[in-house]
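Chains as they are written, first to last, in this note's numbering: chain H, 1 to 302; chain U, 1001 to 1212; chain V, 2001 to 2205.
Just so you know, even glycine gets a beta-carbon here, dropped at the ideal spot from N, CA and C.
If you're wondering where the values come from, they're calculated on a predicted model, not measured in any experiment.
Here is the structure we will look at, set down as structure tokens.
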Amino acid sequence: MSSKMILDLFGMTFFYIVVGLTFMGLGRKITARLQRRVGPPWYQSFLDVFKCFSKTSISHNYIMDLGLIMALAGLIATAYFMPVAKGWTPAGSSSIVVILYLMTIGYLGMAMGVSASGNPNATIGISRALALMFGYEIPFAMIILAMISVLGSSSLSDIAMSQAGGIQNWNIIRFPLGFLAAEIAFQAMIGEKPYDHMIAPAEIASGPMVELGGKFLGIAFLLHAVQLFVETGLMVNLFLGGASTWYEFVGKQFVVYFTSMVINTVFARYRIEQGIKHLWVWAGSFAAIQLVLTRYFDIFSR
Amino acid sequence: MDEIYITNLEKERESMFEGLLNYFRKRSMWMLYYCTGCGAIELPPTMTSRFDMERFGIGPMATPRQADLLLITGYLSQKTLKRVIRSYEQMQEPKYLVGFGSCPINGGIYWDAYPVINHLEMYVPVDMTIAGCMPRPQAVLDGFQRLMDYIQQGKADGWRRYKENYEWYKRNQDELFARTEPVLKGWKDPFAHMPSLEEVMAEEERRKGGAR
Amino acid sequence: MTRDRLIELAKQFFPEDEVIPRKKPGELEIRTTRDRVVGVLTWLQNEAGFDHLMYISGVDWLEDGEIELVYHVYSYDHKLYCMVKIRVDRDYPWAHTIHKLWAHAQPYEQEIHEFFGVYFPGNPDLSHLILPPEWSEAPPLRKDFDPLEYSMKLYEPEWFKSTDTFASIANRLRGEEAERIIRSVLNESARLHGDAPEKDGEGEA
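This is the structure:
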């Protein structure tokens, strides 16, 4: 590992966090504007994170510390596998299977850390998050299976490169039902309404975050920021044709996030069993139809 | 006169760094509102479209661990005070406490009621009180902006006062919660031993006989 | 069943009790005693169709030395409202429990016990429901309990009343000037009120 690569990794970590936090601030602004409010400034999330790190914090045991660090590390590691521009990835390879597996480390670390705090609300939140994971992973995996079966490669940068040459080549055109399914699953993935069972402030007191105060909450914010980057990046690379420059990439990510925030603003929350049922019935059936059409009838592939 | 607790600590030296951190603290206040009384109804209009508290980075939070700002919205009964103290002690420093309306200041219209405490500042440090019965959203926003100024100047140091003067606050709290003597003349319950129906009727007979 | 018919029946069944129609149509009042009240309520519930116990309230008649218990019952079938009143001795107040008739009478009786000191032998739980567990005073809704005195003694102790402003100033200020300012405020206050707090302290001692 050369020193340049290490610098790259550190620089990219900083980039992910800055992009994620900016998105979070903009998301709050979007919600506010849709509700006819002025809303906080776009840099509000940075203020929140800095404030969180300036506070004291209480740790219940070392599992809690390690769990959150593991979650952050897992998500940052996932982000290294994300192709940013022209198929370039900090980690060198971009296998989509690796990405999907590494992403679970983030959730498991979070689950480990907050369950160690011993608060029942946190445990409920984590169990909800894992239950919801069953809901969205299956449709998402089916769509990815369809793409891999057409392209013959599981590399995310290959998928992104294969869409080069204009909007007509984007997977959003070639896999319309798959995009619909992925959009529904994406909403559940980033935990916005109608699938925000995991946080649910009025119900289970913000779920996993219930015992996190001060610096732990700051880490949770960073976690969410990196998670946003990874998941929007996944959508951009899978459906929106990847990007040739980093600012194009961030712009497309923002479009994905904007759509999600608008849906978030106008929807209410499902109950947990309704949410999973909805994901399986709608996202799952769209994805299955897409998979069958692609694999056996060869309609949407070129 | 010796009852007044005077803090004789040196004024803390405020560095540039502290000023910067205070800027973050004032621009991002997450509040936990303790909906004890009528004040809670003034908060939805303050938060939603018309007055939009989120402009200043003030937003609701779900648990004491995450919050910076504890709002006591209205009267506090003796039983609720115990929970308020618990929530306040669970919050992470720096933390601020805002008394909302006239009831936490001096009891308000409940000043002569037996379950409602009169002075909140006797039991927990209050950084800011917003007068009114109830304060309108404008007053609430004005109060929060003043609190922001205080935080920037380092004057909102209730959490520090609570640590330094803990004996004073604890003694006042114990006067309510760990009291051994009755406040007034006390009361002797004739049924304190929870008698059965037969015992009660026998006692009734005995009393009637005695009266005769 | 109309009200008149009900009054007629009630008079027939309970000749010793007073059955009075109230001013408002559809309302009546039965004045009975502690020994007969369970019978009256059982009759109202099972025979007369009063299926709903709305509340049990208490009234303290200080001059008479009695506590009045009022059972509010309502009939959804006949749209009739009936108050059954009994009076018990204030010094040794007790009444029969009716939580076997209406299960939700249990917390009502618990509350009456808490706030008026009326005892219900047989009620499964008469612990404190609303008052703090440290409560050691007379039941607070009795007329001889003085809430103002209680509030002043507990929540505004003498030392705090005289030093209200100063305590808050003392807590706000830091450094040596705090005491000087407090002293000056104290003197100012003494000048306004005509007597110095220090003198008060000496006088009491």
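Whole-angstrom distance between residue j and residue i, CA atom to CA atom
i, j, result
"F186 (chain H)", "R1050 (chain U)", "32 Å"
"R2174 (chain V)", "K193 (chain H)", "For R2174 (chain V), the predicted model reports a pLDDT of 49, less than 50, meaning its position is unreliable; a value from the coordinates is still stated below. Spanning the two alpha carbons is a distance of roughly 49 Å."
"L1071 (chain U)", "L130 (chain H)", "34 Å"
"L156 (chain H)", "A243 (chain H)", "12 Å"
"E1181 (chain U)", "E2137 (chain V)", "10 Å"
"P2140 (chain V)", "L2009 (chain V)", "39 Å"
"S149 (chain H)", "Q290 (chain H)", "12 Å"
"P1086 (chain U)", "G2122 (chain V)", "At residue 1086 (chain U) the sequence reads Arg, which differs from the Pro that was named. Each residue's Cα considered, the two are about 37 Å apart."
"S1196 (chain U)", "E1203 (chain U)", "11 Å"
"E2063 (chain V)", "E2156 (chain V)", "31 Å"
"L308 (chain H)", "G106 (chain H)", "The question about residue 308 (chain H) has no answer here: the residues shown for chain H are numbered 1 through 302."
"I2209 (chain V)", "D1068 (chain U)", "Past the edges of chain V, shown from 2001 to 2205, lies residue 2209 (chain V), and the structure says nothing about it."
"N2046 (chain V)", "I2020 (chain V)", "21 Å"
"G1037 (chain U)", "I159 (chain H)", "58 Å"
"G275 (chain H)", "A181 (chain H)", "14 Å"
"Y1166 (chain U)", "T1073 (chain U)", "24 Å"
"P2025 (chain V)", "L2053 (chain V)", "19 Å"
"F1144 (chain U)", "G191 (chain H)", "31 Å"
"M1194 (chain U)", "L2101 (chain V)", "22 Å"
"R36 (chain H)", "L2044 (chain V)", "58 Å"
"I204 (chain H)", "V2088 (chain V)", "48 Å"
"K252 (chain H)", "K1026 (chain U)", "34 Å"
"P201 (chain H)", "P208 (chain H)", "10 Å"
"P2093 (chain V)", "A1131 (chain U)", "44 Å"
"A141 (chain H)", "G1101 (chain U)", "55 Å"
"L1124 (chain U)", "Q1092 (chain U)", "In the sequence as presented, Leu is not what sits at residue 1124 (chain U); that position holds Val. Looking at the two C-alpha atoms, the distance is approximately 15 Å."
Beta-carbon proximity check, residue i vs residue j, cutoff 8 Å
i, j, result
"V210 (chain H)", "N61 (chain H)", "no"
"F2120 (chain V)", "R2142 (chain V)", "no"
"V1098 (chain U)", "M1134 (chain U)", "no"
"I2067 (chain V)", "R2090 (chain V)", "yes"
"F239 (chain H)", "W170 (chain H)", "yes"
"L319 (chain H)", "V38 (chain H)", "The structure shown does not extend to residue 319 (chain H), since chain H is modelled only from 1 to 302, so the question has no answer here."
"G135 (chain H)", "L279 (chain H)", "yes"
"D2017 (chain V)", "R2034 (chain V)", "no"
"Y1096 (chain U)", "L1043 (chain U)", "no"
"F286 (chain H)", "L145 (chain H)", "no"
"R1055 (chain U)", "Q1090 (chain U)", "no"
"L234 (chain H)", "I99 (chain H)", "yes"
"V1140 (chain U)", "T1046 (chain U)", "yes"
"E2224 (chain V)", "Y2081 (chain V)", "In the structure displayed, chain V extends from 2001 to 2205; residue 2224 (chain V) sits before or after that span and is not available."
"M330 (chain H)", "M112 (chain H)", "Absent from the model: residue 330 (chain H). The displayed extent of chain H is 1 to 302, so no value can be given."
"A220 (chain H)", "I17 (chain H)", "no"
"M110 (chain H)", "G166 (chain H)", "no"
"S154 (chain H)", "V236 (chain H)", "no"
"F229 (chain H)", "V19 (chain H)", "yes"
Reference residue i, options the options, closest by Cα
i, options, result
"R295 (chain H)", "H:F249, H:L151, H:P40", "H:L151"
"Y2076 (chain V)", "V:D2051, V:S2057, V:L2062", "V:D2051"
"S1077 (chain U)", "U:A1113, U:A1062, U:R1055, U:V1124", "U:A1113"
"T89 (chain H)", "H:G11, H:I138, H:P208, H:F267", "H:G11"
"E2211 (chain V)", "V:P2124, V:D2144, V:L2154", "Since the first residue of chain V shown is 2001 and the last is 2205, residue 2211 (chain V) is not available in this structure."
"L222 (chain H)", "H:L47, H:K29, H:P40, H:R33", "H:L47"
"Y1075 (chain U)", "U:T1063, U:M1053, U:H1119", "U:H1119"
"G213 (chain H)", "U:L1032, U:G1019, U:E1018", "U:L1032"
"V2245 (chain V)", "V:Y2150, V:H2099, V:D2144", "Residue 2245 (chain V) lies beyond the stretch modelled for chain V, which goes from 2001 to 2205, so this question has no answer here."
"P41 (chain H)", "H:L34, H:L217, H:Q35, H:I30", "H:I30"
"R1136 (chain U)", "U:W1030, U:Y1034, U:I1041, U:F1017", "U:I1041"
"M103 (chain H)", "H:E231, H:V84, H:F53", "H:E231"
"T1080 (chain U)", "U:K1155, U:L1176, U:I1109", "U:L1176"
"P1115 (chain U)", "V:H2104, V:P2107, V:D2146, V:V2073", "V:D2146"
"R1179 (chain U)", "V:D2125, V:P2132, V:D2144, V:H2096", "V:P2132"
Near the ligand MG: residue i beta-carbon under 7 Å from a heavy atom
i, result
"W2102 (chain V)", "This structure simply doesn't include the ligand MG, nor any ligand for that matter."
**Asked** Mind listing which residues of the stretch 2087-2118 of chain V have their C-beta closer than 7 Å to chain U's C-betas, in chain order?
**Response** Those residues of the stretch 2087-2118 of chain V that come within reach of chain U (Cβ to Cβ, closer than 7 Å) are Y2092, W2094, G2117.
**Request:** Select from the stretch 1044-1063 of chain U all residues with a C-beta closer than 7 Å to any C-beta belonging to chain H, and list them in chain order.
**Result:** Flagged, chain order: S1049, D1052, E1054, R1055, G1057, A1062, T1063.
**Request:** May I ask you to list, following chain order, the residues of the stretch 2028-2050 of chain V that have a beta carbon less than 9 Å from some beta carbon of chain U?
**Result:** Listed by position along the chain: nothing, the set is empty.
**Request:** Could you please tell me which residues of the stretch 208-230 of chain H, in chain order, have their CB closer than 8 Å to any CB of chain U?
**Result:** Within the stretch 208-230 of chain H, the qualifying residues are M209, V210, E211, L212, G213, G214, L217.
**Message:** Can you pull out the residues from the stretch 35-59 of chain H whose beta carbon lies closer than 7 Å to at least one beta carbon of chain U?
**Reply:** Interface annotation for the stretch 35-59 of chain H against chain U: Q35, R36, R37, V38, G39, P40, Q44, L47, D48, F50, K51, S54, K55, T56, S57, I58, criterion Cβ-Cβ distance under 7 Å.
**Prompt:** Looking at chain V, which residues of the stretch 1180-1192 of chain U have a Cβ within less than 7 Å of any of its Cβ atoms?
**Reply:** Answer in chain order: P1182, V1183, L1184, G1186, W1187, D1189, P1190, F1191.
**Entirely enclosed alpha helix (DSSP H) segments - the stretch 142-200 of chain H, minimum 4 residues** = Counting only runs of 4 or more, we get 156-161, 171-174, 176-189.
**Request:** List in chain order: all unbroken alpha helix (DSSP H) runs of 4+ residues lying wholly within the stretch 2016-2080 of chain V.
**Result:** With a minimum length of 4 residues, the continuous alpha helix (DSSP H) runs that stay inside the stretch 2016-2080 of chain V are 2037-2046.
**Request:** Output the residue ranges of the beta strand (DSSP E) runs that lie fully inside the stretch 20-95 of chain H and measure 3 residues or longer, sorted by chain position.
**Result:** Runs found: none.
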